[in-house]
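In what follows, a structure is listed as structure tokens, so that the remarks can point back to it.
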Amino acid sequence: MRLRNKPWAEDRLNDFPQYVIQQPVSHKGKWHEVFGNDNPLYIEVGTGKGRFITEMAKAHPEVNFIGIEVYRSVIVAALDLLIEAEVPNLKLLNVDAANLGDYFAKGDVDRVYLNFSDPWPKSRHAKRRLTYKTFLEVYEGILPDNGEIHFKTDNQGLFESSLKSISEYGMLLKYVSLDLHNSSFEGNIMTEYEEKFSSKGNRIYRLEAMFQ
Numbered sequence: 037m038r039l040r041n042k043p044w045a046e047d048r049l050n051d052f053p054q055y056v057i058q059q060p061v062s063h064k065g066k067w068h069e070v071f072g073n074d075n076p077l078y079i080e081v082g083t084g085k086g087r088f089i090t091e092m093a094k095a096h097p098e099v100n101f102i103g104i105e106v107y108r109s110v111i112v113a114a115l116d117l118l119i120e121a122e123v124p125n126l127k128l129l130n131v132d133a134a135n136l137g138d139y140f141a142k143g144d145v146d147r148v149y150l151n152f153s154d155p156w157p158k159s160r161h162a163k164r165r166l167t168y169k170t171f172l173e174v175y176e177g178i179l180p181d182n183g184e185i186h187f188k189t190d191n192q193g194l195f196e197s198s199l200k201s202i203s204e205y206g207m208l209l210k211y212v213s214l215d216l217h218n219s220s221f222e223g224n225i226m227t228e229y230e231e232k233f234s235s236k237g238n239r240i241y242r243l244e245a246m247f248q
């Protein structure tokens, strides 16, 4: 993925500390204080431009959400959406998913969403996939017992490798759809990529998996 450099992005993020968490390490184990309630916390790893997480926050005010994106030049678009939406149950975090254990304690997060992650199709890049075993270990470390991962993609190869990785890790597959938009699944909120790919006729794959 080639990104256009936005040298002003860091200042933009720093200008809105009410939306973008500036020192996440200080909130480890006490994220309920950030939101001022004890509602469940769902995070999206690789939130991109923020459409999914913003619409989820609107649809579920009883849940707290954090959109996590490593690229500043991308997360500023999510910030603009959040400013416009003015939803109190959504924050953003500009960090690397590999380091989530530095910011969240066991049980801090109730659910992890992975939407249209970079497929990293070459075998030598498998460790970079967000469903690779080392990332599953990270998610397990911040979710409660029986915590869940919800994953969507249009990439068949990534979906198949994710099914394999998740199964080999010992997780329970609770839901699998090989054609989400032609299934009985209700309440689906599309990402920007999902709308783009599905409009071209691409099949959308989805799974829900639970740690045991």
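The sequence shown begins at 37 in my numbering and counts up by one.
The C-beta atom is built at its ideal place from N, Cα and C for all residues, glycine as well.
Because the structure is a prediction, the values reported are computed rather than measured.
- Beta-bridge annotation (DSSP): I79 is paired with I102, V148.
- Annotation: the continuous alpha helix (DSSP H) that includes Y205 extends over 192 to 205.
- Between N100 and N75 a beta carbon distance of about 5 Å is seen, short of the 8 Å cut, so the two are scored as contacting.
- In the three-state reduction of the DSSP assignment, F247 falls in the coil class.
- Secondary structure at V56: strand, using DSSP grouped into helix, strand and coil.
- In this structure, F221 keeps its C-beta atom at 8 Å or more from the C-beta atom of S234.
- Less than 8 Å divides the Cβ of K127 from the Cβ of Y55.
- Taking a C-beta distance under 8 Å as the contact criterion, I185 and L129 do not qualify as a contact pair.
- Nearest C-alpha to R147 among T90, A113, G183: G183.
- By the Cβ test, the stretch 114 to 127 is not in contact with the stretch 137 to 147, since fewer than three Cβ pairs between them sit closer than 8 Å.
- A direct Cα-to-Cα measurement between M92 and I225 gives close to 7 Å.
- When the Cα atoms are used, P157 and L199 turn out to be separated by approximately 15 Å.
- Taking 8 Å as the cut-off, the Cβ atoms of E228 and K42 do not count as close.
- Judged by DSSP in its simplified three-state form, T189 adopts strand.
- Assignment of R48 by DSSP, reduced to helix, strand and coil, places it in the helix class.
- The Cβ atoms of F152 and K188 lie closer than 8 Å to each other.
- R242 sits in a strand when the DSSP states are folded into three classes.
- Assigned with DSSP and collapsed to three states, L209 falls in strand.
- Scanning P60, D47, L150 for the CA closest to the CA of V131 turns up P60.
- In the three-state scheme derived from DSSP, where H, G and I count as helix and E and B as strand, K127 is classed as strand.
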